[in-house]
Each structure stands twice: as C-alpha cells, then as structure tokens.
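Working notes, structure below.
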Amino acid sequence: MSITTVSAPQQAKKRSKVRADIQALRALAVLLVIANHLWPTRLTGGFVGVDVFFVISGFLITAHLLGEIRRTNRISLPQFYARRARRLLPAALLVGVVTLGATLVWLPAERWSRIAREIFASAAYFENWMLTASSVNYSDRGQPSTPAQHYWSLSVEEQFYLLWPLTLLLLSWLLARRFSGRIAARPGLLAGAVIVLGGASLAFALWQTATNPAAAYFNTFGRVWEFMLGALVAIAAPVLAAWFVRRPMLAIRGLAQLTGYVMILVAAVRFDDATAFPGPWALLPVLGTALVIAAGPDMPRWTPARLADWRPVKYVGDLSYSLYLWHWPIIVIMPFVLAREIRSVDRLTMLALSFALAILTKHFIEDPGRTKLFASARPRRTLLATLASVAVVGLLAGSTVAAAGSVAAREAERIEAAVGAGCFAAGALLPGNDCDDPFGPALFAAGADTEAPWGEAAASPECTTAASDRQILAAGKPSFVECAFGKSSDASGNRPYTVWLLGDSHAEHWKAAVNDIGRGNGWDVRHTMQGSCPSVPTALVQTFGKETSQEKRDNCASWITEVSERVLADAPDLVIVSNFASTEVVDDGTGRPQEEQLADGMQATLRAWSAAGTQVVVIRDVPTAGTTLGAECVATSGGGDRACVAPVGDVLRPDPMFAAANALDDPRIATVDMTEFFCRDGECSGVIGGLPVFFDADHVSASYSRSLAPMLGEALSDAIGVSLHAPVSSPQ
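Counting from 34, one number per residue, gives the positions in the sequence shown under this note's numbering.
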C-alpha cells in the first residue's frame, strides 16, 4: 500500500521543513488567544485562535502519517507516540507543576483542591472532559477560572493524536482491501472517508451547540471536523501541488491566502461570547485557516506572506506552544499576587512575563526535550518515562487535594465555633449587637466547593431524594428533595407543617437557612430547583444576555408546569419562592416590557396556589456580587478591611417577580426583603461579620445563609402570621 503525500506545493524546491506560512498562522493564533484573555472586551472573538491550531494540527499530523505510510507502508505507533510525548510533555508538565506550586503560595486554600485535580487532568490530557463534568462554561467570565483551564484544547489535541493514527491505519487498510490495493492511485477514496467522518463530527457539533453549548465547547468529537479539514488539505496536497505549479495560479493562490487571513480576523473581531460555538459560525475561521494552508508558501509580495517571512513572526510561531501554556496561569494567578484588581499596565506586564517564560521554556525545555530527551532510546522507554512523569504529577495533585481537605475541615470547625457570636456573619448587622464595623476584614474562608448552595455545608442528614413516584424532574434529573424535620403525623393523625422551597439556584442558596428553621419548628421541608429557570410558565428566551437553547426552554417549561401542578395537588402549608429574575428574559409573544410579562406569569401562578389554600412568600433577590463583592474579590484582596464594598445601587438589581408579588392584594401572598442583612447605609459588602458572604459571583455561601436563619425566621413569622421557634443547626 502506498499513499503519496506532499506537505506543501512546490516540493521540488529545497527549503526548511518548517513552513513559514504555518508558523505565521501559529503566531497569529496564539496572539489572538492571548489578546482575548488579556483584553476580553476588546478582541471578543480571539478564542478562534484555538480553532486555527486544530486545523494546523490536522494538516501536519496527517501529512506526516501519510508520508510514513508512503515510505514504509506502515505507521510505527510507538515511535509516533514517543515523538509526540517528547515534543509536548516536558513543557506541559513543567508549567503544570510550577502552576501547582504558585497555587499553594498565592491562592487561598479553598481553591487548591479543584486546581490540583485539573492540573492532573491536564497532565493526563482529559481536562476537557473534567470541565464538561464540572459544568464549566468557557465563555462565562463570572465563574472563577482555574490556572489549568486552558489545557482543555491541548487535551482535545492529544486525544486526536492518540486516535487519529489508529483511525488512519484502519481507513487505509479498509479502503486498500476494498479496492484491491489501488488506494495510492485513488486518494479521493481516503478523502471521501475523511469527509464522512468530518461531516458526522460537524453535524454532532451543530446539534450539541444548539442543545448543550457549554458541553459542546469542550467535546472532542464535536471538534474532530476541524482537524479533518486540515487532514483533507494534507490528502489533497499532491493535487494542489500539480495544480499550483502553473504560473497563472500564483495570483489565485495569493488571493486564497489573503481571503483566509481575512476570514480568521473577521471572526476574531466580530465573534463574542454570545456566538454559538463551535456551531455554524466556527466554519468561518476554520475554512479560513484551511485556505491559508492549502494556498501554500512562496506567495506574491502583495500577500501576507511577506509578514510570514519576517523573523519576529517566525519566532513567535516557534514560541506559540510555550506562550499558550504560560499566559493563562499568569493571568489567573497575578491578581492574587498583587492582591488587587488588574490594571492596564498589569496586562502589559503579564504579556511580557508570558514571553519571557516562553522563551526560557522553548530553549531550555522544549527544544532539548524534542531533540535530546530519550532521542536514542527505544519508544517503550520514552512512553514509560511519560507514564511515570504523569504519575508524579498525580501524586503531587493528590497530596494537594488532601491538604486542602484538612484546611477546609479546620475552617469549618472555626466557623461552627463562631456561630452564635453576636458579631459573627449576618449577626453583625443586627442593631442590638453594636458591632464596630460589620464590613471589616475577612476572618474566615467560605469559598470552598463545600460552601456552594448545593454543597456539603448546605446539606442536612434528614434530607433525601424523593421516591420516583413523587419525583419532579429538572432537565431529566431528579430535583425533588424531602427533609423530614417533623413527625410523620401527630396523635390526631395530622401531618406536620409542610413547606416547599422552589425556584432557581437563587432559591437554593436559601436552603441552609430554611432547613435550620424547619428543623427548629418540626416542619417537613421540600426542595425543587431548576437552575436559570424562572418560576413562571412564560417561555424563557434568554439567560445572562444569551439566547437559551430549545432544550433549555423545554426543560424550564416542563419543570415549572409540573411544580405548579404538584403544589396544587399537594397543597403545602407554605411555598417559599426566590429567583435570579433580573437575568432571566421571557417572551409571551406580546412584545410587552419584561416587567409586565413576568408580573402576569408570576401573579397568575401565585393566585392559583393561594386559591388552593397555600400561603406563599416571595423572597427578594440578593445583591449581585460579581467581581465587586464576590468570592473572587475576597480571595484576590485577601479579604482586607472593606476591600469588597460597593454602593447598593450598583449591585442591587430590580426583582420583577418580587415586585409582582408585592403588588397583589391577597392575604395568603406575602414578600420578604432581606437586603438589610447584605447592605447598610447605602453600601453592600462581600464580607460581613468576618465571613465572606458569597460562594461565587452571585450565590450566597452556605455558612452565610445559615447565619441568616434567625433573621429569615423572624421575617417569615411576620409574613405568615405564625410565631416560630428559633432555628436549629444541622447535627452534622
């Protein structure tokens, strides 16, 4: 079997193995990514640089493998994998280990565990799947980023490198067998197989981008089509070489290259976080990259090829791998080093530091690793050393996770011991406690994963997932939880007082407080939440300024419909509702203002529940923390005295659902506003009574929620006209 491949047009000429045009593409790609990360509001679509890298990798690896098949009629998998390991692992592992060390020095302990896990996932090249499992949204800048998050694209590439040689061998063997070894004379057969595979990948990417965009971004198969386009150019290289050798084609090649660069740059400038990716728009930069590569080198002087031959451009292309590795950890860690928000001059400093470290890594790690490290050894030895190196990173990461667990346990004990102190957490805002400065420095850490509203600190041992015949599904998963804090019935056979807490995740962050109130009063508490879904039947169309997928809309509609029907059927004594309503946009088709549409939907739902005999309390949404009050501010500032304070008007958004409930004249419908325990004298703080208030950029931490239980209990007592006992904390 023989498959001819040419890595570039005009092969007859002697030249370096490294194509200047591809190095220029690498330089452009890495600079686009870095610029997007340093100035996200300026170059909003710079993330397409990753897609440029994917096409380049598909082209180069396929050209290399086809060349080996042409020369030897086989592919030496051990040698191929050993070369990849020598090329990529030394720098990647170095940056990972240094990042882990910097994390331990500068980042708060509550971040250690997640970062350590991701660093191991990066070393083992499954970071993209870990991010998918963690429900990370790459374009959501409100989420705390880890310094290893950028390894997702390297993980996708390594998975491609692992599987593509095997796939190519299988395709070549099947096609050669089917067509009696004539594959060398019919490269179109292999190209056809690649088109089918790439087409299936593109179809999957389009479907998943529409239904689950966060997962689609990291999915390897949803990115395969980008590699396949590069592979297709490699397979077509002999045809292109023969076609391009004619002199009149020079101008057409130049125009193709120029068009390709324009397509990439238009995507980088025009795309933003709202662009569905890697959906149909991904075709623009991907096809543009393929055009540049297919056009080949040796271009007219009026094309970008002149820049490609410029030595600084070539050098940035040489540095692109190390630059990509270093820039993101520097961006993530620098605010913690400086203990303040990043300024314009800091961004230039981070850029310079990225280049400095990339240069050192290129010359002292990358190049020696590729040319000297195990260069004369058998591939088996290289691969064993690779496994051993990854195992060492795993041990370091595991030790860090264990250390983080110990720190978190001690911090939980400190918080538990402080509960009840007059000036601790929300108690510092009670007028009778006479605390010096409720917005003083942070004395505790509360940003660990356990402090999430859905984490361990908010959990109660009395709570269990409801049986299947009583379950309410949210996005296809069980969401209905039953907490039996009261007896099943009294001597007269009466059921205990039953309370439902429902809404989106901004209802869930009241869970710890409501559970403590329920425990103190013998309630049966039931929870059902669906993230980013308003508690109204009106169709959801946007969340956080982005269009919602049809699947998300259907999930929200089915959830609130089932919840409403169950409330009417079960007739609980009390329903508590809260929503992050200011970020959820609905559309009933009338074109009316949002406030009216939400008010109509909310009021109709509340009236129906009230008519069934249920009391309803709507809790006003809390201030939006963002980067001003949230965990990121507290962590980077070290929780300094009044470091995370903002005017109330900047962070307290209107709550249209609260307003809708407030406007109803119904004795069974009431509202509760807890803003006074987040803000005072026109200011709101991310640290109150020494405790960080927020788990992330908008959710109240479980510990602060629990500290609000006495105040929320009093507010509920006033709202429903029933005297309540003091809350009781979880026995765990």
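From the three backbone atoms N, C-alpha and C, an ideal C-beta is built for every residue, glycine too.
Note that this is a predicted model, so its numbers are computed, not measured.
Opening and closing residue of the alpha helix (DSSP H) in which residue i lies
| i | result |
| --- | --- |
| R447 | 412-451 |
| Q112 | 110-139 |
| S146 | 145-156 |
| W363 | It is Ile, not Trp, that sits at residue 363 in the sequence shown. Start and end: 344-371. |
| V227 | 220-244 |
| G536 | Not the alpha helix (DSSP H): G536 falls in the beta strand (DSSP E), residues 531-536. |
| A300 | 282-303 |
| E160 | 160-166 |
| A264 | 257-268 |
| V618 | Careful: V618 lies outside any alpha helix (DSSP H), inside the beta strand (DSSP E) at 617-619. |
| V569 | That residue, V569, is in no alpha helix (DSSP H); it is neither H nor E in DSSP. |
| T404 | 400-404 |
| R739 | 735-740 |
Integer-rounded CB distance, given that residue j should sit under 8 angstroms from residue i
| i | j | result |
| --- | --- | --- |
| I366 | W185 | Not a contact, Cβ separation roughly 18 angstroms. |
| M690 | L631 | 6 angstroms |
| F728 | E484 | 5 angstroms |
| A300 | G78 | 5 angstroms |
| L324 | A289 | 5 angstroms |
| D537 | N588 | That pair is no contact at about 12 angstroms. |
| E444 | A478 | 5 angstroms |
| S763 | S493 | 5 angstroms |
Per-residue DSSP class, three states only, for residue i
| i | result |
| --- | --- |
| D557 | strand |
| G746 | helix |
| C589 | helix |
| R215 | Note that R215 has pLDDT 49, beneath the 50 cutoff, so the model's placement of it is unreliable and the number below is only indicative. Three-state result, R215: helix. |
| R75 | coil |
| S377 | helix |
| P700 | coil |
| R713 | strand |
| S186 | helix |
| I505 | coil |
| S718 | strand |
| K579 | strand |
| L724 | strand |
| Q43 | Residue placement at Q43 cannot be trusted, given a pLDDT of 41 that sits under 50; the coordinates are not used to answer. |
| K395 | helix |
| P177 | coil |
| A517 | strand |
| V319 | helix |
| T623 | coil |
| M562 | strand |
| P511 | strand |
| V63 | helix |
| V596 | helix |
| V705 | strand |
| A309 | coil |
| N548 | helix |
Chain-order list of residues whose beta-carbon lies under 6 angstroms from that of residue i (same chain, five-residue window excluded)
| i | result |
| --- | --- |
| A748 | V705 |
| V440 | A142 |
| N554 | L757, H758 |
| A267 | F92, T95, A96 |
| A243 | S582 |
| L201 | L98 |
| L685 | P656 |
| G427 | F153 |
| L745 | A546 |
Span of the beta strand (DSSP E), counted from its first residue to its last, around residue i
| i | result |
| --- | --- |
| L607 | 607-611 |
| T483 | Looking at the DSSP string, T483 is not in any beta strand (DSSP E), and its letter there is neither H nor E. |
| V574 | 573-576 |
| T95 | Element bounds for T95: not the beta strand (DSSP E) but the alpha helix (DSSP H), 82-105. |
| T336 | T336 -> no beta strand (DSSP E), and no H or E assigned at all. |
| T497 | 496-498 |
Nonlocal neighbours in the same chain, by C-beta distance under 7 angstroms from residue i, ignoring five residues either side
| i | result |
| --- | --- |
| E541 | P486, W487, M562 |
| T132 | I152, P180, A181, P362 |
| V761 | D549, R552, G553 |
| T336 | G287, Q290, L291 |
| I398 | P123, A124, L127 |
| R174 | The predicted model places R174 with a pLDDT of 49, which falls under 50 and marks its position as unreliable, so this point remains unresolved. |
| F113 | P198 |
Cβ-based neighbour list, residue i, same chain, cut-off 8 angstroms, excluding 5 preceding and 5 following
| i | result |
| --- | --- |
| L356 | V63, I67, V349, S387, F388, A391 |
Could you tell me which uninterrupted beta strand (DSSP E) segments, each at least 3 residues in length, are contained entirely in the segment 629-694, listed from first to last along the chain?
Every beta strand (DSSP E) of 3 residues or more that sits fully in the segment 629-694 is shown, in chain order, as 648-652, 678-680.
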